[in-house]
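2 protein chains.
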Amino acid sequence: MKTLKLCFIGFGNVGQKVSALLLEKQDWLRETFDTDVIVTGIAGRSKGSLVDPAGLDLRESLSQVQTTGRFDPASPAAFEGTPEEMMAASRADVLVEMSTLSIRDGLPAADYIRYALRRGMHVITANKGPEAWYYKELKELAEQAGRQFLYETIVLDGTPTFNLMTETLHGNTISGITGILNGTSNYVLKLLEEGKSYDEAIKAAQDIGLAEADPSMDIDGWDGAAKICAMANILMDASITPDDVEVESVRSVTAEKLADAKQRGMCIKYICRAEQTEDGVKVSVKPEELPREHAYNSVNGTSAVFTLYTDLAGELTIIQTDPGLLQTAYGIYSDLITLLKRI
Amino acid sequence: MKTLKLCFIGFGNVGQKVSALLLEKQDWLRETFDTDVIVTGIAGRSKGSLVDPAGLDLRESLSQVQTTGRFDPASPAAFEGTPEEMMAASRADVLVEMSTLSIRDGLPAADYIRYALRRGMHVITANKGPEAWYYKELKELAEQAGRQFLYETIVLDGTPTFNLMTETLHGNTISGITGILNGTSNYVLKLLEEGKSYDEAIKAAQDIGLAEADPSMDIDGWDGAAKICAMANILMDASITPDDVEVESVRSVTAEKLADAKQRGMCIKYICRAEQTEDGVKVSVKPEELPREHAYNSVNGTSAVFTLYTDLAGELTIIQTDPGLLQTAYGIYSDLITLLKRI
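These protein sequence lines are chains A and B, in that order.
This note's numbering applies: residue 13 is where the first sequence begins, and numbers increase by one.
This note's numbering applies: residue 13 is where the second sequence begins, and numbers increase by one.
Structure representation (structure tokens):
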């Protein structure tokens with residue numbers, strides 16, 4: 013039986029759900045890959061940090077956080093130090109990077125990933141910032157180190173997006189991608205159409221846990237820009253950053269425009285788009301009109317969709333319906349399985 | 013440089029398109045897999061057969077068929093004999109099985125596949141009959157022989173369906189599948205809704221090459237039954253045959269029912285459905301009502317769709333838009349790549 017040591021940066025909702033899934037699947041992983049997957053370090057923000065190179069009691073650690081809101085500071089595994097120091101002390105084989113995202117610059121996530129790859133660790137990340145800002149650099153770093161750099165969950169959670177290309181659409185070239193990739197703005201548009209005001213719609217999105225306290229990253233298109241940018245860099249070999257994306261806020265859509273579109277049998281959706289052109293890959297995030305009976309008009313709530321335009325497999329559309337936290341955790345777990353299959 | 017020898021049974025539209033794709037991708041396959049992929053036997057029906065264990069001139073053979081409608085009977089490679097005799101004489105490593113389908117019993121395709129697996133050949137098939145009728149047996153035969161048995165193109169052509177599960181949705185259990193899997197019946201429904209009669213609609217489907225001369229396999233649900241049966245057997249570990257599928261012909265849908273549904277904001281689609289129940293997997297093919305703004309209502313013409321209900325990745329819907337012959341050929345070509353990756 014081999015052992016694979018993971019360390020986590022971030023232990024919020026996603027980190028906790030990943031832990032619960034790991035505990036549930038531990039036996040299956042042992043049987044399937046002849047590998048004991050253990051966690052040897054966790055760097056929380058407000059919850060404290062833990063390190064034990066021989067393996068933490070993940071069930072107990074999870075229970076502490078869910079009961080008291082933090083790890084027990086009196087635990088022998090309690091650790092004081094930066095996330096980098098935690099990574100070093102944990103002697104982990106794999107960094108599972110789930111830190112709080114800054115879409116504006118991909119930091120500090122990208123720095124954690126650089127540090128881990130340079131130390132010879134594999135990296136699984138839940139953050140889209142690093143792929144939107146520094147994909148080529150991180151990919152090369154991973155290749156030089158002979159380590160895996162995996163990120164399936166950053167777009168449509170556990171829905172195969174990047175694996176769809178690398179594992180199944182062998183030999184295809186992608187000439188374009190479209191998608192509804194941001195749930196909050198999509199939800200807000202639907203409520204506007206139903207007669208709500210912007211403020212009411214944003215409040216409703218916050219109430220169901222979709223929108224952040226500051227919803228401008230979603231509403232003004234930056235989240236969508238980071239996602240389509242990451243997809244273009246990874247799937248279309250583009251070399252762009254969110255600064256290259258033509259972004260129009262969804263605030264430009266008014267109740268009147270929505271009513272007028274409906275009148276004409278159309279709907280307005282907030283579309284992310286990447287297109288191969290003679291001048292390279294052009295990327296935009298903006299409201300676009302579509303027929304009401306278009307598949308994208310069925311994508312509401314937390315659901316999301318993307319379409320790949322390929323040379324051999326044709327036009328493929330993938331809809332993820334009503335995902336929750338389990339689907340995000342599954343995205344990370346599926347990267348772990350990809351890693352176990354490859355190493 | 014390794015050599016991989018293929019033989020073909022069937023050289024109709026699909027076989028010819030596969031040949032053209034192989035010729036186009038020959039250099040890429042050499043570079044990517046360090047393997048020379050050659051064709052050493054072809055058993056046509058009306059076109060004659062060819063065998064040369066050292067490799068046929070595929071470009072010349074394809075050109076002969078496209079110019080004269082058959083292989084040159086005076087060619088040194090011209091071969092008289094059954095498809096089984098062609099397989100034996102070709103000394104191929106892989107059977108690419110593209111014979112004319114009998115959905116009613118999966119024959120003769122299943123017999124060709126059995127023969128090839130027993131001789132130690134890998135099998136790629138374009139036929140859904142064998143998986144609908146004999147999946148477990150053929151799978152075990154392949155496992156015992158240590159050979160690959162691949163069939164990506166049988167549902168939604170080159171769209172990842174079976175690879176989606178085996179290569180990307182690791183660790184998921186599928187509790188249900190729905191889909192619009194038969195283009196002809198879907199096309200006929202749309203034309204009925206637009207006011208055409210059944211006969212006019214079927215004629216139109218034939219005119220665009222969608223429906224066979226005898227469209228009853230499509231219209232009465234047998235094609236859909238074979239496809240959902242194959243999916244249930246392969247993806248849900250069911251052990252059923254098309255005889256177990258509850259089938260209602262799409263002829264039960266009238267123009268009046270379609271108009272009435274539309275009036276109520278609904279549409280009628282011809283839905284294939286497989287559900288895990290306490291009594292095993294239940295499968296049906298019948299007309300069902302859906303909201304007009306459902307994603308399935310955007311699936312028209314030759315397009316198709318399926319939805320997987322999974323325990324970890326949630327609900328995923330895949331739409332293939334406007335596929336053509338290239339997409340069917342790509343499905344077979346993608347199996348060839350899967351094979352090259354695995355061996």
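The beta-carbon is built from N, C-alpha and C at its ideal position, and this holds for glycine as well.
It should be emphasised that the depicted structure is a prediction, and the values quoted were computed from it without experimental measurement.
Tell me the residue span of the beta strand (DSSP E) that contains residue i.
| i | result |
| --- | --- |
| GLN288 (chain B) | 278-289 |
| TYR321 (chain A) | 316-322 |
| GLY188 (chain B) | 186-192 |
| LYS298 (chain A) | 292-303 |
| PHE20 (chain B) | 14-21 |
| SER61 (chain B) | 61-63 |
| VAL361 (chain A) | The first residue shown for chain A is 13 and the last is 355, placing residue 361 (chain A) beyond what the model contains. |
| VAL200 (chain B) | That residue, VAL200 (chain B), is in no beta strand (DSSP E); its alpha helix (DSSP H) goes 195-205. |
| ILE231 (chain B) | No beta strand (DSSP E) contains ILE231 (chain B), which is instead part of the alpha helix (DSSP H) from 228-231. |
| ILE330 (chain B) | 327-333 |
For chain A, is any of its Cβ atoms less than 8 Å away from the one on residue i?
| i | result |
| --- | --- |
| ARG82 (chain B) | no |
| SER346 (chain B) | yes |
Name, please, each residue of chain A whose Cβ falls closer than 9 Å to the Cβ of residue i.
| i | result |
| --- | --- |
| ALA242 (chain B) | Correct list: empty, because the minimum Cβ distance to chain A is about 18 Å. |
By how many angstroms is the C-alpha of residue j removed from the C-alpha of residue i?
| i | j | result |
| --- | --- | --- |
| THR15 (chain B) | ASP230 (chain B) | 40 Å |
| MET99 (chain B) | ARG82 (chain B) | 19 Å |
| ALA55 (chain B) | VAL317 (chain B) | 33 Å |
| LEU162 (chain B) | GLU301 (chain A) | 41 Å |
| TYR210 (chain B) | VAL311 (chain B) | 20 Å |
| LYS140 (chain B) | LYS239 (chain B) | 6 Å |
| GLY326 (chain B) | GLY188 (chain B) | 11 Å |
| THR137 (chain A) | ILE50 (chain A) | 17 Å |
| TYR147 (chain B) | GLY233 (chain A) | 48 Å |
| THR314 (chain A) | GLY27 (chain B) | 43 Å |
| LEU70 (chain A) | THR173 (chain A) | 29 Å |
| ALA122 (chain A) | GLU149 (chain A) | 10 Å |
| MET278 (chain A) | GLU305 (chain A) | 8 Å |
| TYR308 (chain B) | SER87 (chain A) | 54 Å |
| LEU62 (chain A) | ASN194 (chain A) | 34 Å |
| GLN76 (chain A) | ALA341 (chain A) | 20 Å |
| PHE23 (chain A) | ARG57 (chain A) | 8 Å |
| VAL30 (chain B) | GLU205 (chain B) | 36 Å |
| LEU222 (chain A) | THR196 (chain A) | 6 Å |
| ASP347 (chain A) | GLY336 (chain A) | 18 Å |
| TYR282 (chain B) | LYS202 (chain B) | 11 Å |
| ALA216 (chain A) | GLN332 (chain A) | 21 Å |
| PRO120 (chain B) | GLN156 (chain B) | 22 Å |
| ASP291 (chain B) | ILE252 (chain B) | 12 Å |
| MET248 (chain A) | LYS294 (chain A) | 11 Å |
What are the start and end residues of the alpha helix (DSSP H) that includes residue i?
| i | result |
| --- | --- |
| THR350 (chain B) | 337-354 |
| VAL77 (chain A) | 70-80 |
| GLY141 (chain B) | 141-157 |
| GLN160 (chain A) | Taken as a continuous stretch (DSSP letters only), GLN160 (chain A) belongs to no alpha helix (DSSP H), as it is neither H nor E. |
| VAL106 (chain A) | Run containing VAL106 (chain A): none in the alpha helix (DSSP H); it sits in the beta strand (DSSP E), 106-109. |
| ILE214 (chain B) | 210-219 |
| ILE166 (chain A) | That residue, ILE166 (chain A), is in no alpha helix (DSSP H); it is neither H nor E in DSSP. |
| ILE125 (chain A) | 121-130 |
Quick one: does residue i have its CB under 8 Å from some CB of chain B?
| i | result |
| --- | --- |
| ILE349 (chain A) | yes |
| PRO342 (chain A) | Residue identity check: residue 342 (chain A) is Tyr in the sequence provided, not Pro. Interface residue, yes. |
For a contact meaning CB atoms closer than 8 Å, what does residue i contact in chain A?
| i | result |
| --- | --- |
| ASN194 (chain B) | Going along chain A, no residue has its Cβ under 8 Å from ASN194 (chain B), so there is no contact; the nearest lies around 18 Å. |
| GLN339 (chain B) | LEU324, ALA325 and GLY326 |
| LYS393 (chain B) | In this structure chain B extends from 13 to 355, so residue 393 (chain B) is not present and cannot be described. |
For a contact defined as C-beta to C-beta under 8 Å, what are the partners of residue i on chain B?
| i | result |
| --- | --- |
| TRP40 (chain A) | GLY183 |
What are the residues in the stretch 116-142 of chain A lying within 9 Å of chain B by C-beta distance? none
Give me the subset of the stretch 301-335 of chain B whose CB atoms are less than 7 Å from a CB atom of chain A, sorted by chain position. ARG304, GLU305, HIS306, ALA307, ASN309, SER310, LEU324, ALA325, GLY326, GLU327, LEU328, THR329, ILE330, ILE331, GLN332, THR333, ASP334 and PRO335
Please name the residues in the stretch 170-195 of chain B whose beta-carbon is closer than 7 Å to at least one beta-carbon of chain A, in chain order. GLY170, THR171, PRO172, ASN175, LEU176, GLU179, THR180, LEU181, HIS182 and GLY183
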